[in-house]
Amino acid sequence: TRLAVYTACDGTLIACNDDGPGCGGFTSQMNFDGVEGETYLLRVGGFDNERGTGTISVEYGDGPPETPNINFQHDGLTRQYRILVPDDLPESAPLVLVLHGYGGNNNEMANNYGWRELAAQEGFVVAFPNGTRDQSNARFWDVDYAFHGQFDIDDDGFLSSLAIHLQETLGLDAERTFVTGFSNGAEMCFQLACRESSTFRGFGPVIGMMLDTLWVDCDPEFDRSIITMNATLDGVTLYGGDMGNTGGWGAYHSIPDMVDFWADELETPDLERIYLENTDPFDMSTVRLDKYTSEDHGRRLWYYLVEGGGHEYPGVEGNMDIDATREIWEFFDQIAPEEPEEPGNPADFNGDGVVNSADLGYILAFWGIGNTGGDLDGDGN
342 TRLAVYTACD GTLIACNDDG PGCGGFTSQM NFDGVEGETY LLRVGGFDNE
392 RGTGTISVEY GDGPPETPNI NFQHDGLTRQ YRILVPDDLP ESAPLVLVLH
442 GYGGNNNEMA NNYGWRELAA QEGFVVAFPN GTRDQSNARF WDVDYAFHGQ
492 FDIDDDGFLS SLAIHLQETL GLDAERTFVT GFSNGAEMCF QLACRESSTF
542 RGFGPVIGMM LDTLWVDCDP EFDRSIITMN ATLDGVTLYG GDMGNTGGWG
592 AYHSIPDMVD FWADELETPD LERIYLENTD PFDMSTVRLD KYTSEDHGRR
642 LWYYLVEGGG HEYPGVEGNM DIDATREIWE FFDQIAPEEP EEPGNPADFN
692 GDGVVNSADL GYILAFWGIG NTGGDLDGDG N
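So the sequence shown is residues 342 to 722, counted in this note's numbering.
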């Protein structure tokens with residue numbers, strides 16, 4: 342089934358859903374913020390013009406939603422986010438941004454994926470930003486899909502600015518600010534890992550890929566730990582990649598190549614492979630966990646492969662052997678704040694840890710007007 346709600350007959354579309362997360366038998370569920378006294382048009386329909394008798398079940402409450410949308414101005418646009426700040430929040434608490442998929446919205450991410458409940462339990466702030474709408478009225482994150490060439494939305498700047506705003510206004514820990522997302526939201530995570538690593542300390546993309554346009558232009562300022570999840574039978578994000586762009590999203594490499602890309606980027610050559618317990622044999626899938634680490638630093642790359650799984654969020658639909666939300670938070674929670682590096686000696690030109698005649702020889706070799714090789718006082722000579 343497909344559901345849609347409008348402001349009135351021939352009115353504006355407010356929300357829609359096609360086979361909702363956690364809904365069995367191809368049923369649908371959606372959430373929207375209704376206004377008392379207003380009339381709405383609800384529509385129920387079938388996939389591919391299927392027809393029949395349908396039932397709409399409506400649930401409503403007596404008060405406003407727990408996490409109403411909050412406006413945030415960025416780059417000339419009014420953006421929106423929802424937020425949950427737990428009671429008795431500890432000082433300098435962590436922050437997690439959770440990004441919806443293509444055509445989704447922040448309301449369903451807040452209601453259906455367990456992040457609000459986990460944040461209240463573990464004592465961190467969770468925010469759910471909204472993407473903008475495209476030519477099909479679908480919310481999206483601008484990762485340069487092939488059919489979004491007309492858009493130039495500064496989602497990188499929006500999400501980074503929002504995170505910094507929440508850090509400052511709520512007194513949150515800038516060293517424990519993270520971002521995760523599903524599908525299009527996962528692809529936004531990879532984009533932020535390439536472009537906004539000074540703001541976010543860890544990334545949790547779930548069932549996403551890296552478009553080739555990002556692949557060739559990924560140059561992180563800082564390398565950060567990543568936990569990522571993909572599935573072998575995903576019919577949307579193809580496990581084998583789609584360099585020919587048969588799916589219309591744009592060209593992208595295979596998932597194994599993407600994992601190798603980040604293992605190289607993070608300099609995590611040591612691999613430990615774990616086959617997780619098949620706790621739910623009825624979900625027709627199993628999970629393999631590859632842990633990439635290094636003896637030289639603390640960065641990590643955790644790669645969960647759902648063998649036999651599809652384009653689904655583990656623990657909500659599809660594979661039930663793991664709870665993706667909890668796995669991601671526990672990974673984030675183990676990321677230790679980085680110790681500031683000791684400042685180097687500006688006169689130690691050869692990097693041997695001491696200032697001696699070898700460094701003096703370097704200065705003499707570059708002696709002269711306009712030679713900056715041994716310029717200690719910054720006057721250009």
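Quick reminder that beta carbons are idealized off the backbone N, C-alpha and C, glycines included.
Presumed contact (8 Å Cβ cut-off) between residue i and residue j, rounded CB distance
i: Ile548; j: Trp603; result: Their Cβ separation, rounded to whole angstroms, is 16 Å, which puts Ile548 and Trp603 out of contact at 8 Å.
i: Thr540; j: Leu646; result: The pair is not a contact, with the Cβ atoms about 28 Å apart (cut-off 8 Å).
i: Phe367; j: Thr342; result: 7 Å
i: Ala451; j: Arg423; result: 5 Å
i: Ser538; j: Arg565; result: 5 Å
i: Met550; j: Ile494; result: Wrong, their Cβ atoms sit about 19 Å apart, outside the cutoff.
i: Tyr571; j: Asp624; result: Per the sequence shown, residue 571 should be read as Asn rather than Tyr. Asn571 to Asp624, Cβ: 16 Å. No contact.
i: Ala487; j: Trp590; result: 6 Å
i: Thr715; j: Ile704; result: Correcting the residue type first, residue 715 is Gly in the shown sequence and not Thr. Yes, Gly715 and Ile704 are in contact; Cβ-Cβ is about 4 Å, under 8 Å.
i: Arg667; j: Leu459; result: 6 Å
Local Cβ density within 10 Å of residue i, reported as buried at 16 or more and exposed below that
i: Gly404; result: Summary for Gly404: the model assigns pLDDT 47, below 50, so the residue's position carries little reliability; its value from the coordinates is reported in the next sentence. Exposed, by the Cβ-count rule.
i: Leu612; result: exposed
i: Cys535; result: buried
i: Trp708; result: exposed
i: Asn722; result: exposed
i: Leu579; result: buried
i: Glu682; result: Annotation note: pLDDT 48 at Glu682 (below 50); position unreliable, coordinate value reported separately. Its Cβ having fewer than 16 others within 10 Å, Glu682 is exposed.
i: Arg457; result: buried
i: Thr620; result: exposed
i: Pro546; result: buried
i: Cys350; result: exposed
i: Asn686; result: exposed
i: Ile663; result: buried
i: His638; result: exposed
i: Pro655; result: buried
i: Val346; result: buried
i: Gly442; result: buried
i: Phe690; result: buried
i: Asn358; result: buried
i: Phe563; result: exposed
i: Asp428; result: exposed
i: Gln476; result: exposed
i: Gly498; result: exposed
i: Gly526; result: buried
i: Gly543; result: buried
i: Ile411; result: exposed
i: Gly702; result: exposed
i: Glu653; result: buried
i: Val439; result: buried
i: Glu658; result: buried
i: Val467; result: buried
i: Asp575; result: buried
i: Asp389; result: exposed
i: Ala665; result: buried
i: Gln532; result: buried
Per DSSP, the bridge partner or partners of residue i
i: Phe544; result: Val520 and Ile567
i: Asp611; result: Thr634
i: Asp359; result: Arg343
i: Leu552; result: Tyr593
i: Asn660; result: The partner list for Asn660 (beta bridge, DSSP) is empty, contrary to what the question assumes.
i: Ile676; result: Note: Ile676 sits in no beta bridge, so no partner.
i: Leu617; result: DSSP, once it has assigned bridges, lists no residue as partnering Leu617.
i: Tyr644; result: Thr569 and Asp631
i: Phe413; result: Arg420
i: Leu574; result: According to DSSP, Leu574 bridges with nothing at all.
i: Arg667; result: Paired residue(s): none; Arg667 is not in a bridge.
i: Gly386; result: Arg343
i: Leu354; result: Tyr347
When the Cβ atoms of the region 431-440 are set against those of the region 369-389, are three or more pairs found closer than 8 Å? no
Taking contact to mean 3 or more Cβ pairs, one atom from each stretch, closer than 8 Å, check whether the region 505-514 and the region 613-623 are in contact. no
Residue ranges of each beta strand (DSSP E) run of no fewer than 3 residues wholly in the region 423-499, ordered along the chain? 436-440 and 466-470
The region 626-636 / the region 548-562 touching (three or more Cβ pairs under 8 Å): no
Stretch-stretch touch, CB-based, cutoff 8 Å, three pairs: the region 618-628 with the region 642-658: yes
Can you find at least 3 beta carbon pairs, one from the region 462-481 and one from the region 445-453, that sit closer than 8 Å? yes
Do the region 481-499 and the region 513-531 meet, that is, are 3 or more Cβ pairs less than 8 Å apart? yes
Do the region 578-592 and the region 697-712 meet, that is, are 3 or more Cβ pairs less than 8 Å apart? no
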